[in-house]
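> Structure incoming, see below.
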Amino acid sequence: MCRSGNLLHEFAPAGDLLDVAEAIVRVFHRLGDHEHKHMNRMKFLIKALGWEGYHDAYEKERERIRVEGGAKLSFSPNDPPVEHAPTGARGPAPSPADVATRAASSIVQGPGITPAVKPELATTAADFARWEKTNVRPQKQEGCSTATAFFGRIELPRVKQLLADLETMTSESAEPQDYVDLAETSEFRPQTMAGECAS
12 MCRSGNLLHE FAPAGDLLDV AEAIVRVFHR LGDHEHKHMN RMKFLIKALG
62 WEGYHDAYEK ERERIRVEGG AKLSFSPNDP PVEHAPTGAR GPAPSPADVA
112 TRAASSIVQG PGITPAVKPE LATTAADFAR WEKTNVRPQK QEGCSTATAF
162 FGRIELPRVK QLLADLETMT SESAEPQDYV DLAETSEFRP QTMAGECAS
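Quick note, the sequence shown lines up with residues 12 to 210 if you use this note's numbering.
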């Protein structure tokens, strides 16, 4: 559904932008259709309330935020936090044979044809270079990159655990961070997974 935008402000001072954003989010969280996910969009909320109704709710929320003292950042805008590249010692990496064994032991389930998991260990430098060119991107933090892997039908828990084990090689945290965004579902669909790795 395409629709023309409405003018919220002719002009908003830079110092008010955080309050404006906070008011928009609060109105959406308070009045949005959280029961029907496909209808939980700002455009549907504005259509349901009408522009005048939405604008009135927004202005009331702005006033509440002003009374509260204004929206606040969780850090000083003059001294924002900086994320540095990991400096701690890396843990030992699982061997390729161990990773292959764990991947091959997965049991793919679901409707239709279930493919056999056959890890390919005999990759060449050219194979890796081709994959790296299309699937690895440097991050703004020095020494860090984002690697993207594409999977077809997979057994999610095993793959997530393998990625978590590989992630601990570069993480300073005690607990592996989960970079895999997968729905809590038993269905198996093609997914894109991304995680940090040392470049």
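Idealized CB from N, CA, C, for every residue including glycine.
Could you say which of 150, 143, 125 and 152 lies nearest to residue 161 if we only look at CA atoms?
Mapped onto the sequence shown, residue 161 falls at position 150. Selected option, being the one with the closest Cα: 143.
> Around the C-beta of residue 30, are 16 or more other C-beta atoms found within 10 angstroms, so that it is buried, or is it exposed?
Locating residue 30 in the sequence shown gives position 19, counting from the first residue. The residue in question, residue 30, is buried, as its Cβ has 16 or more Cβ neighbours within 10 Å.
> Got a sec? Which residues, its chain only, sit under 6 Å from residue 96 by beta carbon, not counting five neighbours each side?
To locate residue 96, count along the sequence shown from 1; it is residue 85. Excluding positions up to five away in sequence, the list reads 152, 153, 154 and 155.
> Can you name the start and end residues of the alpha helix (DSSP H) that residue 75 belongs to?
The residue given as residue 75 occupies position 64 in the sequence shown. Counting along the chain, the alpha helix (DSSP H) containing residue 75 begins and ends at 53-78.
> Over the uninterrupted alpha helix (DSSP H) stretch that includes residue 107, give me the two end residues.
On the sequence shown, residue 107 is found 96 positions in, with the first residue counted as 1. It spans 107-115 - the alpha helix (DSSP H) in which residue 107 sits, taken as one unbroken run.
> Considering residue 31, what are the terminal residues of the alpha helix (DSSP H) in which it resides?
As a first step, residue 31 must be located in the sequence shown, where it is residue number 20. Note, residue 31: alpha helix (DSSP H), 28-42.
> Quick test of your reading: residue 169 and residue 117, contact by CB under 8 Å. State the CB separation rounded to the nearest angstrom.
By one-based count along the sequence shown, residue 169 stands at place 158. By one-based count along the sequence shown, residue 117 stands at place 106. With a Cβ gap of about 4 Å, residue 169 and residue 117 count as contacting.
> Between which two residues does the alpha helix (DSSP H) holding residue 148 run?
Translated into the one-based positions of the sequence shown, residue 148 becomes position 137. Run containing residue 148: none in the alpha helix (DSSP H); it sits in the beta strand (DSSP E), 147-149.
> Please classify residue 139: does DSSP put it in a helix, a strand, or coil?
Working through the sequence shown from its first residue, we reach residue 139 at position 128. DSSP places residue 139 in helix when its eight states are reduced to three.
> Under the three-state reduction of DSSP, which class applies to residue 160: helix, strand or coil?
Counted from its first residue, the sequence shown places residue 160 at position 149. Residue 160: strand per DSSP, three-state reduction.
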